[in-house]
Amino acid sequence: MCGIVAYIGPKDATPFLLEGLQRLEYRGYDSAGVAVSGRTGGLKTRKVKGRVADLAAAVPARFKGTTGIGHTRWATHGVPSDANAHPHLDNAERIAVVHNGIIENADELRAKLTADGAVFLSETDTEVLAHLIAAHATEGTDLEDAVRAALGKVVGTYGIAVLDAEQPDRIVVARNGSPIVLGVGEKEMFVASDVSALVRYTRQVVHLEDGELATVRADGFRTFTEDARTTHRQPSTVDWEIDSYDTAGYEHFLLKEIHEQPGSVERTLSGRLDERFATAHLGGLNLDARELREIRRVKILGCGSAYYAGEMGAQLIEELSRIPAHSEPASEFRYRNPVIEADTLYVAVSQSGETYDTLAAVQEIKRKGGRVLGVVNTVGSAIARECDGGIYLHAGPEISVASTKAFTSTVVAFALLALHFGRIHDLSPADGRRIVAGLKALPGQIREILENDGQIAELAAEYAKCEGMMFIGRVRGFPVAREGAQKLKEISYVHAEAYPASELKHGPLALINPELPTVALVPDDELLDKNLTTLGEIKARSGRVLAIAHRTPETKLADHCVLVPKSEPELDPLLLNIPLQLFAYHAAVALGRDVDKPRNLAKSVTVE
Ligand code: F6R
Numbered sequence: 007m008c009g010i011v012a013y014i015g016p017k018d019a020t021p022f023l024l025e026g027l028q029r030l031e032y033r034g035y036d037s038a039g040v041a042v043s044g045r046t047g048g049l050k051t052r053k054v055k056g057r058v059a060d061l062a063a064a065v066p067a068r069f070k071g072t073t074g075i076g077h078t079r080w081a082t083h084g085v086p087s088d089a090n091a092h093p094h095l096d097n098a099e100r101i102a103v104v105h106n107g108i109i110e111n112a113d114e115l116r117a118k119l120t121a122d123g124a125v126f127l128s129e130t131d132t133e134v135l136a137h138l139i140a141a142h143a144t145e146g147t148d149l150e151d152a153v154r155a156a157l158g159k160v161v162g163t164y165g166i167a168v169l170d171a172e173q174p175d176r177i178v179v180a181r182n183g184s185p186i187v188l189g190v191g192e193k194e195m196f197v198a199s200d201v202s203a204l205v206r207y208t209r210q211v212v213h214l215e216d217g218e219l220a221t222v223r224a225d226g227f228r229t230f231t232e233d234a235r236t237t238h239r240q241p242s243t244v245d246w247e248i249d250s251y252d253t254a255g256y257e258h259f260l261l262k263e264i265h266e267q268p269g270s271v272e273r274t275l276s277g278r279l280d281e282r283f284a285t286a287h288l289g290g291l292n293l294d295a296r297e298l299r300e301i302r303r304v305k306i307l308g309c310g311s312a313y314y315a316g317e318m319g320a321q322l323i324e325e326l327s328r329i330p331a332h333s334e335p336a337s338e339f340r341y342r343n344p345v346i347e348a349d350t351l352y353v354a355v356s357q358s359g360e361t362y363d364t365l366a367a368v369q370e371i372k373r374k375g376g377r378v379l380g381v382v383n384t385v386g387s388a389i390a391r392e393c394d395g396g397i398y399l400h401a402g403p404e405i406s407v408a409s410t411k412a413f414t415s416t417v418v419a420f421a422l423l424a425l426h427f428g429r430i431h432d433l434s435p436a437d438g439r440r441i442v443a444g445l446k447a448l449p450g451q452i453r454e455i456l457e458n459d460g461q462i463a464e465l466a467a468e469y470a471k472c473e474g475m476m477f478i479g480r481v482r483g484f485p486v487a488r489e490g491a492q493k494l495k496e497i498s499y500v501h502a503e504a505y506p507a508s509e510l511k512h513g514p515l516a517l518i519n520p521e522l523p524t525v526a527l528v529p530d531d532e533l534l535d536k537n538l539t540t541l542g543e544i545k546a547r548s549g550r551v552l553a554i555a556h557r558t559p560e561t562k563l564a565d566h567c568v569l570v571p572k573s574e575p576e577l578d579p580l581l582l583n584i585p586l587q588l589f590a591y592h593a594a595v596a597l598g599r600d601v602d603k604p605r606n607l608a609k610s611v612t613v614e
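Taken in order, the sequence shown gives residues 7 to 614; the numbers are from the numbering used here.
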């Protein structure tokens with residue numbers, strides 16, 4: 007949510023800033039801006055409402071400087087506009103600040119700074135930082151001291167980069183709740199809010215900790231705490247492939263990421279299946295078998311699709327290990343003064359590892375003495391670091407705002423966890439072997455579903471014309487329906503509602519008519535007959551039905567059917583979900599939507 011970049015070195019900063027912002031655009035895309043300074047000082051700034059491409063078009067050829075900062079915004083305080091775009095400056099146009107996060111006491115600081123003579127030009131909370139730092143940047147004060155002093159007065163979350171026209175040989179950055187990564191180059195340094203903006207330039211990175219600042223110069227960096235104690239940080243090497251950040255010939259990142267799933271699932275499984283003992287090895291749990299046996303309940307927390315993946319995970323855990331498990335939105339959990347129990351295992355789910363609500367839930371559990379595992383994609387992210395242990399997904403970077411491959415890998419990670427729990431409890435070796443074999447077969451089966459892209463594209467184009475859609479599934483199929491509806495509405499803006507198939511007759515059946523088709527999950531399992539009865543009820547009300555099924559329902563209970571290969575019943579939801587990703591994608595394309603950057607949304611929701 008909001009992207010930050012910065013450069014200092016011998017070259018012109020602007021090309022890196024613009025390219026870096028383009029790579030971070032998935033974090034926010036309603037306005038963008040850059041500020042640069044040359045060796046002789048002075049600031050040049052450009053900021054525009056719109057996309058990074060609009061900014062690039064507005065930056066003149068003479069816009070050059072060897073030190074620069076940039077920002078792409080997702081509005082929190084104030085509408086998207088040129089004035090509200092970052093960087094924000096003080097009135098002397100000496101200090102420029104880009105910021106990700108929320109300054110909670112902005113109103114109070116603004117009133118005080120206004121009384122002292124500052125004139126505010128935007129509605130943003132960030133502008134107070136520029137005036138506040140300027141107020142502390144008195145004659146002879148080092149920029150890092152001015153930033154530290156200003157941050158001492160701030161309540162809230164931030165990742166910031168600060169440029170001082172009078173000290174253009176340095177950039178000061180700080181992190182508290184919003185990520186900041188330093189990239190170490192050859193006599194040049196880079197900064198970004200995530201590594202995707204850096205990997206083309208350097209693989210050597212330093213992730214700042216919360217409460218840490220850094221002064222970055224062309225020849226290196228120094229990290230320190232808010233009370234000026236030096237910290238010692240060694241760069242680590244990024245192992246994600248550079249081409250993960252390109253569309254690699256696909257029309258959109260989303261389509262590429264959907265098609266990457268055979269490989270990303272293989273990576274999630276890699277080295278974790280134990281055929282001899284018919285179980286899974288999860289080295290990062292930091293819990294031995296005895297400790298795991300003491301767990302009486304599992305509570306899974308995540309937001310949006312991560313929460314739905316958690317619902318699938320909860321069902322897997324209950325089915326395979328018979329430990330009661332439940333998934334809840336982290337955003338709700340954290341505000342309801344939850345009871346934290348010693349024999350409950352808490353599991354936080356997050357692709358980005360940055361989602362503020364999920365992080366806050368983890369912190370609340372830990373504060374009350376609970377034990378939390380993370381199921382996280384981004385290595386070293388805030389949530390991963392806050393947890394007591396966990397499972398990394400290894401799905402690779404997910405750039406498109408809508409989650410697909412991370413969703414699937416999360417459910418696979420839960421299947422591994424459920425298998426591991428199950429084999430410690432009462433899951434038989436035969437059932438363990440069945441699940442191991444089922445997991446191993448998934449990548450090939452996903453490939454098979456992806457080959458059916460053409461049929462799904464045609465159906466999606468047809469169904470996209472409807473006024474809304476119903477998604478239904480029973481028990482294991484219900485979280486699939488929820489995720490399918492979520493994907494459709496978020497990228498195509500077609501209204502979609504998910505219901506348990508069993509609940510349809512208790513209310514929403516009233517909505518059914520030819521204009522409101524139903525996508526029905528119809529696996530060939532012990533509930534098949536019940537599902538067919540529901541389809542009959544829909545057809546009797548002239549409803550149109552698109553079935554996602556293992557075999558075509560007989561007697562015209564569905565108008566269309568997308569067939570998926572059969573897995574083990576517990577793993578079927580994973581495969582049933584894949585056609586729904588393609589369906590949402592093609593519906594969005596048919597409606598001319600901006601698939602990778604849907605309106606009003608951004609990836610990594612680092613605000614409340
Ligand atoms: C939906 C989607 C969001 C995220 C949610 C949590 O496609 O991407 O609902 O799943 O914002 O994000 P993470 O997993 O990064 O915590």
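Ideal Cβ placement from N, Cα and C applies to all residues, glycine included.
When DSSP states are grouped into helix, strand and coil, H213 belongs to the strand group.
Taking 8 Å as the cut-off, the Cβ atoms of V160 and I109 count as close.
Relative to the ligand F6R, even the nearest heavy atom lies 7 Å or more away from the CB of E25. In terms of side-chain proximity, the C-beta atom of K471 is found no nearer than 7 Å to any non-hydrogen atom of the ligand F6R. The ligand F6R has no heavy atom closer than 7 Å to the beta-carbon of V378. Looking at the backbone, the Cα of T612 and that of A546 are separated by about 46 Å. I452 has its alpha-carbon roughly 51 Å from the corresponding atom of E150. Exclusion of the five residues before and after R209 leaves T243, V244 as the residues of its chain whose Cβ lies within less than 7 Å of its Cβ. Taking the CA atoms as reference points, K511 sits about 18 Å from E521.
Residue pairing from DSSP leaves G490 without any beta-bridge partner. V11 is bridged by DSSP to G76, A198. Taking the Cα of A354 as reference, the smallest distance to any Cα among K372, E360, V378, A140 is reached at V378. Proximity of the beta carbon of A546 to the ligand F6R is not indicated: no heavy atom of the ligand is located closer than 7 Å. Look at the stretch 218 to 266 and you find these whole runs of beta strand (DSSP E), each 3 residues long or longer: 218 to 223, 226 to 231. One alpha carbon belongs to R439, the other to T285, and they sit about 8 Å apart. Relative to the non-hydrogen atoms of the ligand F6R, the Cβ of K374 never comes closer than 7 Å to any of them. Within the same chain, Cβ atoms closer than 7 Å to the Cβ of V134 are found at I109, A112, L115, R116, L119, the five residues on either side in sequence being excluded.
DSSP places K374 in the coil class of the three-state scheme, outside both helix and strand. When the beta-carbon positions are compared, S356 and G308 come within less than 8 Å of each other.
Taking 8 Å as the cut-off, the beta carbon of R223 is found closer than this to the beta carbon of R176. For the set S327, G107, A367, the Cα lying nearest the Cα of N343 is the one of A367.
In this structure, the ligand F6R has a non-hydrogen atom nearer than 7 Å to the beta-carbon of K493. The beta-carbon distance between V345 and A320, rounded to whole angstroms, is 18 Å. This is too long to meet the 8 Å contact definition. In the DSSP assignment, G549 falls outside any beta strand (DSSP E) and carries neither an H nor an E. With a cutoff of 8 Å on beta-carbon distance, L533 and V570 are scored as not near each other. At a cut-off of 7 Å, the beta-carbon of G542 does not count as near the ligand F6R: no heavy atom of the ligand is closer than that. For G74, the closest C-alpha among the options V40, R278, D294 is that of V40. Ranked by Cα distance from N606, the first of T221, M318, E496, E172 is E496. If you check the C-beta of S43 against the ligand F6R, you find no heavy atom less than 7 Å away. Distances from the CA of K17 to each of G71, Y35, R52 were compared; the closest alpha carbon is that of G71. In this structure, DSSP gives V40 an extended state, which the three-state scheme calls strand. Boundaries of the beta strand (DSSP E) around N106: 101 to 106. Your pair A136 and A98 does not check out as a contact, with CB atoms roughly 10 Å apart and the cut at 8 Å. I389 is a Cβ neighbour of T364, given a cutoff of 8 Å. Look at C309: its beta carbon is less than 7 Å from one of the heavy atoms in the ligand F6R. In the structure shown, I430 falls within a helical segment according to DSSP collapsed to helix, strand and coil.
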